[in-house]
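Contents: one structure, followed by commentary.
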Amino acid sequence: MIRQHRKAAKQKSANGVGEAVSAPARGYPRPMLRREDWISLDGPWQFAIDRDGAHGSADRIKFARSIQVPFAPETPASGIHETGLFNACWYRRTFDTPRLERGQRLILHFGAVDYVATVWVNDQLAVRHEGGYTPFSADITDLLIAGKQQTVTVHAEDDPLDQAKPRGKQDWQEQPHSIWYYRTSGIWQSVWMERVNETRIGQLHWTPIVEDWAINLRALIHGRRQQDLKLNVTLKHDGRVLSDDTYTVEQGETSRAIQLIDPGIDDARHALQWFPWSPKLIDAEVRLIDADGHTIDEVASYTAMRSIRTSGDHFVLNGRPIKLKLVLDQGYWPETGLTAPDDAALRRDVELIKSMGFNGVRKHQKIEDPRFLYWADRLGLFVWEEMPSAYRFTTQSIERLTKQWIEAIERDISHPCIIAWVPFNESWGVPDLPVVPAQRHAVLGLYYLTKALDPTRPVVS
């Protein structure tokens, strides 16, 4: 069994008080690939605003305030509540070094930082990432200082006037106008660490193939290359083993169609399929085995047996026509902005949507927290996933949209709740679609790219 809430690293705030938010309150931040051992870095961090974005180094920054991560500084819950225009902000905190066994590595994860994040550990560059809605990580093992507390510094650059970046409903005017909201700058999803083996399971992508009664798995191995690795995959439903087999890892990857025993009768098939009213999930235990037969990594995941397609003006789920009754949800909260107050609030949103008679949600202009998708998977709610728009059409905006859309699909492709990809909302970011061929080509290009990455789901362009 995976214990999803291991522990939170304690941290004094900038004024000497405070303690990290408990990990259980926010839930395991990467539900599609879970390890037992993880450390939350949510809670108080030292903080400073760099209004003009003039400082590229922390040397001249005075960290005089304390912010509650993962809430953005524009929100009341952050303790900052700075809603004016500023170009950058800085974060800093310390943590005790977790014990690392021989061959273990320490990975630092960020769920989302808006917009360009640069991270240092002990004043050494760890990682740089562009994109405000997708996760990134860094192996920080070689940056640790033995026998001392470790220091993490984050610089978040987020030009409030830049309309050529994916920004969704974040306003470029100082006060929100019309249908837009205050901006979200800096860290707005969980920060956490995990201890892993130097050779480890890095990614799992699940694709159900209902017509063959099989589930395709693509597993990527990260870290140090080893020879003669094998991957053991056990699939279970309600404790009953559906499949238990071992596969060879070749060139750091395993791709297999896992065949299940087909009952051959529709009623028996439906008992294992995912529907909103009966969201059956298949639990997965995945072990990485070295040449000596030792398990060197173990993760938990899940998938579901479900098919989706369109037929004329009908949406078809598991061979059955079904009407979509969706609510449009922009994913904003009164006190916490784009960040949910806690995991229970995300679950409650899913429950409320279903209680009002809807069977799905169009997540509008936001790549939602993976915990929301987890609850949609588990409780049974369709999700349309939509890329936040840029509002200027330039070469740079298309480059940014493409890169970040690929990252979003890669993160969420295995969630059974997602039934449609939406790379563009209406003509946002492509306002001259009827008369400018380049804008039409961009829409078609992203449509076909999405279908290439995931041919199993409808794409709304």
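Taking the working numbering, the leading residue of the sequence shown gets 14, the next gets one more, and so forth. All residues carry an ideal CB built from backbone N, CA and C; glycine is no exception. For clarity, every value in this text was computed on a predicted model and none was experimentally measured.
query: Between the Cα of Q264 and the Cα atoms of H250, R238, L273 and S256, which residue gives the shortest distance?; result: R238
query: How should Y104 be labelled, buried or exposed, when 16 other C-beta atoms within 10 angstroms of its C-beta is the threshold for buried?; result: buried
query: Quick one, which of Q202, I295, E266 and S368 has its alpha-carbon nearest A41's?; result: Before going on, a small fix: residue 41 reads as Tyr here, not Ala. Nearest C-alpha to Y41: Q202.
query: Measuring alpha carbon to alpha carbon, tell me which of E114, L113, A61 and A71 ends up nearest H94.; result: A61
query: Find the nearest neighbour of A232 within the set W193, G277 and E311, judged by alpha-carbon distance.; result: E311
query: May I ask you to report which of helix, strand or coil DSSP gives S474?; result: coil
query: Give the single residue among Y195, D55 and L54 whose Cα lies nearest to the Cα of W346.; result: Y195
query: Kindly indicate the opening and closing residues of the alpha helix (DSSP H) around K336.; result: Premise fails: K336 is in no alpha helix (DSSP H) and is neither H nor E.
query: Within 10 angstroms of the Cβ of P57, are there 16 or more other Cβ atoms? Answer buried if so, exposed if not.; result: buried
query: Is the region 281 to 292 touching the region 314 to 321, taking contact as three or more C-beta pairs under 8 Å?; result: yes
query: By the DSSP assignment, the alpha helix (DSSP H) with E420 in it spans what residues?; result: T408 to D425
query: V204 and L339 - do their beta-carbons sit closer together than 9 Å?; result: no
query: Using a Cβ-Cβ cut-off of 6 Å (strictly less than) and excluding sequence neighbours within five positions of L462, which residues of its own chain qualify?; result: none
query: What is the residue span of the alpha helix (DSSP H) that R208 lies within?; result: Unbroken run through R208 is the beta strand (DSSP E), V204 to N210; no alpha helix (DSSP H).
query: Does DSSP put R405 in a helix, in a strand, or in coil?; result: coil
query: Within 10 angstroms of its Cβ, does W290 collect 16 or more other Cβ (buried), or is it exposed?; result: exposed
query: So P401 packs on P189, CB below 8 Å; how close in whole Å?; result: With 8 Å as the limit, P401 and P189 do not qualify as a contact, their Cβ atoms being about 16 Å apart.
query: I want to know whether the region 139 to 154 touches the region 238 to 248 - three or more CB-CB distances under 8 Å.; result: no
query: Using C-beta distances below 7 Å, list every residue in its chain close to V443, excluding the 5 sequence neighbours before and after it, in chain order.; result: F406, F437, Q452, A455 and V456
query: Taking the beta strand (DSSP E) that E364 falls in, what are its first and last residues?; result: Counting along the chain, E364 falls outside any beta strand (DSSP E), though it belongs to the alpha helix (DSSP H) covering D356 to S368.
query: CB-CB under 6 Å to T247, same chain, minus the five flanking residues each way: which ones, in chain order?; result: D257 and E298
query: With a threshold of 7 Å on Cβ separation, who are the neighbours of V30 within its own chain once the five nearest residues in sequence on each side are excluded?; result: Low per-residue confidence applies at V30: pLDDT is 27, beneath 50, and the placement is therefore not dependable, though the value from the model is reported in the following sentence. Counting only Cβ-Cβ distances below 7 Å, and skipping sequence neighbours, we find nothing.
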